[in-house]
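Novice: Have a look at this one.
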């Protein structure tokens, strides 16, 4: 970044993206529990995803050695094994991933009060000058190195003046690197890239653009937007703006409470085409949303699920609960039912859970449909929140979240 940009009064945004998050977090935990001689699965052909015994599901994350075999995120596990028969596959542990994600967010909050978590493994942060550093780039390297040295995994950090360009920058060469993509750098750094590398340009959009002779992001940026809109409607206008570095939405601090409800969504980097994988993401979202409900001392009377397909079609479905709740299991089971009723089997790129009709959780009126198990689940959630707040996220876990093939309990230390 040049001197003029470094002295600009414009806001600087960091996009922090964990490198191969699920696989990295699994690797770190395996080494922590198995001792210093445990193999680092990041150094061998390895993936996270699917049913290991039946080789079902899709690849959720891959190691760099696995990538060299042509294995890609989102492809069926069975296809990945065809490319590399000696591939090692590990089941996902979404509770573990949530714990590592929260640890990273806590660390980042030491550097800025403005954090917007975009998904479990990436977030945006409004840059605040860090004492002892002379530029945003130096500050980003300090943060990147601290995450690596303290938490054990690596991240890429993209830097720009808006979220779009910061996110694009973090996708440049990996791992464990810092990149800038300021508006003045767009023609040199972003325009030569293939058009499918542009955020929000999926496989279908890329194919249609290539029929128009548009093969790079620069080609798209220099095309008359009216032509793009005539073929891709409003989405065409959006991606034309993105190709020119224009991103109109401002950073969203998710920790601020929305008076109408509490929700969370995750944009997925690959097409989700099976129910099992979708349910993994719904559990992550349910954990996040229900925990925030309990932190706000409110319960939700309405739960809704949102799906955005790879075609950018967006649908949602909601239902009212018999009794307002902030129990993780209730939110999750309701979300799964809504998902099953809503999903049309098309490829999914975004999932969201939103709760509304909030009421104080201290003044709930029980209905005839409530039972003792629901009340026990609520008390269990509250007890777990209290213990984790006092002793750390690893101090206690649900029995259902302990891997069946290993019942070693994580050490009672903060990661």
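In the working numbering, the protein residues as written are 1272 to 1686.
C-beta atoms are modelled at their ideal positions from N, C-alpha and C, and glycine is treated no differently.
Note that this is a predicted model, so its numbers are computed, not measured.
1) Determine the burial state of residue 1539: buried for a count of at least 16 other Cβ atoms within 10 Å of its Cβ, exposed for fewer.
2) Relative to the C-alpha of residue 1547, which residue among 1624, 1381, 1616 is closest?
3) DSSP three-state call for residue 1313: helix, strand or coil?
4) Going by beta-carbon coordinates alone, are residue 1389 and residue 1292 separated by less than 9 Å?
5) Can you confirm whether the stretch 1606 to 1616 touches the stretch 1542 to 1562 when touching is taken to mean that 3 or more C-beta pairs between the two stretches lie within less than 8 Å?
6) So the beta strand (DSSP E) residue 1216 belongs to, where does it begin and stop?
7) Taking just the CA atoms, how far does residue 1357 sit from residue 1330?
8) Would residue 1570 pass as a contact of residue 1627 if the rule is Cβ separation under 9 Å?
9) Give me, in chain order, the residues of the same chain whose beta-carbon lies closer than 8 Å to that of residue 1382; leave out the 5 immediate sequence neighbours on both sides.
10) Compute the distance between the beta-carbons of residue 1318 and residue 1332, then report whether it is under 9 Å.
11) Below 6 Å CB to CB, which residues in the same chain sit around residue 1443 once its five sequence neighbours on both sides are set aside?
12) Alpha helix (DSSP H) containing residue 1409: first to last residue?
13) Quick one, are the C-beta atoms of residue 1622 and residue 1500 less than 9 Å apart?
14) Compare the Cα-Cα distances from residue 1365 to each of 1577, 1558, 1452, 1568 and report the closest residue.
15) Can you look up residue 1394 in the DSSP assignment and give me helix, strand or coil?
16) Only counting runs of 3 or more residues, tell me where the beta strand (DSSP E) segments fall wholly within the stretch 1326 to 1392, in order along the chain.
17) In angstroms with no decimal places, state the Cα-to-Cα distance between residue 1313 and residue 1426.
18) Roughly how many angstroms separate the alpha carbons of residue 1630 and residue 1577, rounded to a whole number?
19) So which of 1503, 1509, 1510, 1564 has the shortest CA-CA distance to residue 1532?
20) Examine the Cβ distances between the stretch 1485 to 1498 and the stretch 1458 to 1467 and report whether three or more of them are shorter than 8 Å.
21) First and last residue of the alpha helix (DSSP H) that includes residue 1402?
22) May I ask you to list the residues that DSSP assigns as paired with residue 1619?
23) Could you compute how far the alpha carbon of residue 1601 sits from the alpha carbon of residue 1362?
24) How is the beta strand (DSSP E) around residue 1289 delimited, first residue to last?
25) Between which two residues does the alpha helix (DSSP H) containing residue 1592 stretch?
26) Using the rule of at least 16 other Cβ atoms within 10 Å of the residue's Cβ for burial, across every protein chain shown, is residue 1625 buried or exposed?
27) When burial is assigned at 16 or more other CB atoms within 10 Å of the CB, is residue 1286 buried or exposed?
28) Secondary structure at residue 1463, three-state DSSP: helix, strand or coil?
29) Looking only at its own chain, which residues have a Cβ that is under 8 Å from the Cβ of residue 1283, when we skip the five neighbours before and after it?
30) Just list the residues that DSSP pairs residue 1536 with in beta bridges.
31) When you compare the CB positions of residue 1513 and residue 1592, do they come within less than 9 Å of one another, or not?
32) How would you label residue 1482, buried or exposed, when you count the other beta carbons within 10 angstroms and need 16 or more for buried?
33) In the DSSP output, what is residue 1510 paired with across the bridge?
34) Can you tell me whether DSSP reads residue 1629 as helix, strand or coil?
35) Are the CB atoms of residue 1510 and residue 1476 within a distance shorter than 9 Å?
36) If we ignore side chains and look at the alpha-carbon of each, how far apart do residue 1545 and residue 1393 end up?
Specialist: Here's the rundown:
1) Along the chain shown, one-based indexing puts residue 1539 at 268. With 16 or more Cβ atoms within 10 Å of its Cβ, residue 1539 is classed as buried.
2) For this step, residue 1547 is matched to residue 276 along the chain shown. Minimum Cα distance to residue 1547 is reached at 1616.
3) Your numbering for residue 1313 matches position 42 in the chain shown. Looking at residue 1313 - three-state DSSP - the assignment turns out to be helix.
4) The count along the chain shown starts at 1 and reaches residue 1389 at position 118. The count along the chain shown starts at 1 and reaches residue 1292 at position 21. In this structure, residue 1292 does not lie closer than 9 Å to residue 1389 by Cβ.
5) yes
6) Past the boundaries of the shown model lies residue 1216; the chain is included only from 1272 to 1686, so the question cannot be answered.
7) Within the chain shown, residue 1330 is the residue found at index 59, counting from 1. Within the chain shown, residue 1357 is the residue found at index 86, counting from 1. Spanning the two alpha carbons is a distance of roughly 15 Å.
8) Your numbering for residue 1570 matches position 299 in the chain shown. Your numbering for residue 1627 matches position 356 in the chain shown. Against a cut-off of 9 Å, the Cβ pair of residue 1627 and residue 1570 comes out as no contact.
9) If you number the chain shown from 1, residue 1382 lands on position 111. Only 1396, 1399, 1401, 1410, 1414 meet the Cβ criterion.
10) Position 47 of the chain shown holds residue 1318. Position 61 of the chain shown holds residue 1332. Contact: yes.
11) Residue numbering aside, residue 1443 sits at position 172 when the chain shown is read from its first letter. Cβ neighbours of residue 1443 beyond the five flanking positions: 1450.
12) Taking the chain shown and counting its residues from 1, the one referred to as residue 1409 is at position 138. Counting along the chain, the alpha helix (DSSP H) containing residue 1409 begins and ends at 1407 to 1422.
13) For the purposes of this step, residue 1622 is identified with residue 351 of the chain shown, where counting begins at 1. For the purposes of this step, residue 1500 is identified with residue 229 of the chain shown, where counting begins at 1. Not closer than 9 Å, so no.
14) By 1-based counting over the chain shown, the position of residue 1365 is 94. Nearest of 1577, 1558, 1452, 1568 to residue 1365, Cα basis: 1558.
15) As a first step, residue 1394 must be located in the chain shown, where it is residue number 123. DSSP places residue 1394 in strand when its eight states are reduced to three.
16) 1359 to 1361, 1386 to 1390
17) As a position in the chain shown, residue 1313 is number 42, starting the count at 1. As a position in the chain shown, residue 1426 is number 155, starting the count at 1. Their Cα atoms are separated by approximately 14 Å.
18) Counted from its first residue, the chain shown places residue 1630 at position 359. Counted from its first residue, the chain shown places residue 1577 at position 306. Distance between the alpha carbons of residue 1630 and residue 1577 is about 22 Å.
19) As a first step, residue 1532 must be located in the chain shown, where it is residue number 261. Checked all of 1503, 1509, 1510, 1564; the closest Cα to residue 1532 is 1564.
20) yes
21) The sequence position of residue 1402 within the chain shown is 131, counting from 1. Here residue 1402 belongs to no alpha helix (DSSP H), and DSSP marks it neither H nor E.
22) For this step, residue 1619 is matched to residue 348 along the chain shown. Answer by DSSP bridge pairing, in chain order: 1543, 1580.
23) Here residue 1601 is taken as the residue at index 330 of the chain shown, counted from 1. Here residue 1362 is taken as the residue at index 91 of the chain shown, counted from 1. The straight-line gap from Cα to Cα measures roughly 24 Å.
24) The residue given as residue 1289 occupies position 18 in the chain shown. Where residue 1289 is concerned, the enclosing beta strand (DSSP E) stretches over 1284 to 1289.
25) Here the question's residue 1592 lines up with position 321 in the chain shown. Not the alpha helix (DSSP H): residue 1592 falls in the beta strand (DSSP E), residues 1585 to 1596.
26) What you label residue 1625 is simply residue 354 of the chain shown in a count that begins at 1. Buried, by the Cβ-count rule.
27) Stepping through the chain shown from its first residue, residue 1286 is reached at position 15. Residue 1286 is buried by the Cβ-count criterion.
28) The count along the chain shown starts at 1 and reaches residue 1463 at position 192. Note: residue 1463 maps to coil in three-state DSSP.
29) As a working note, residue 1283 is residue 12 in the chain shown. 1397, 1398, 1407, 1430, 1431, 1432.
30) Translated into positions along the chain shown, residue 1536 becomes position 265. Residue 1536 is bridged to 1623.
31) Numbered from 1 along the chain shown, position 242 holds the residue referred to as residue 1513. Numbered from 1 along the chain shown, position 321 holds the residue referred to as residue 1592. Taking 9 Å as the Cβ cut-off, residue 1513 and residue 1592 do not qualify as a contacting pair.
32) Start at 1 with the first residue of the chain shown, and residue 1482 comes out as number 211. Looking at its Cβ environment, which holds fewer than 16 other Cβ atoms inside 10 Å, residue 1482 is exposed.
33) The sequence position of residue 1510 within the chain shown is 239, counting from 1. Beta-bridge pairing links residue 1510 to no other residue.
34) Numbered from its first residue, the chain shown carries residue 1629 at position 358. Three-state result, residue 1629: strand.
35) On the chain shown, position 205 is the one that residue 1476 refers to. On the chain shown, position 239 is the one that residue 1510 refers to. Closer than 9 Å, so yes.
36) Position 274 of the chain shown holds residue 1545. Position 122 of the chain shown holds residue 1393. Going by the C-alpha atoms only, they are around 23 Å apart.
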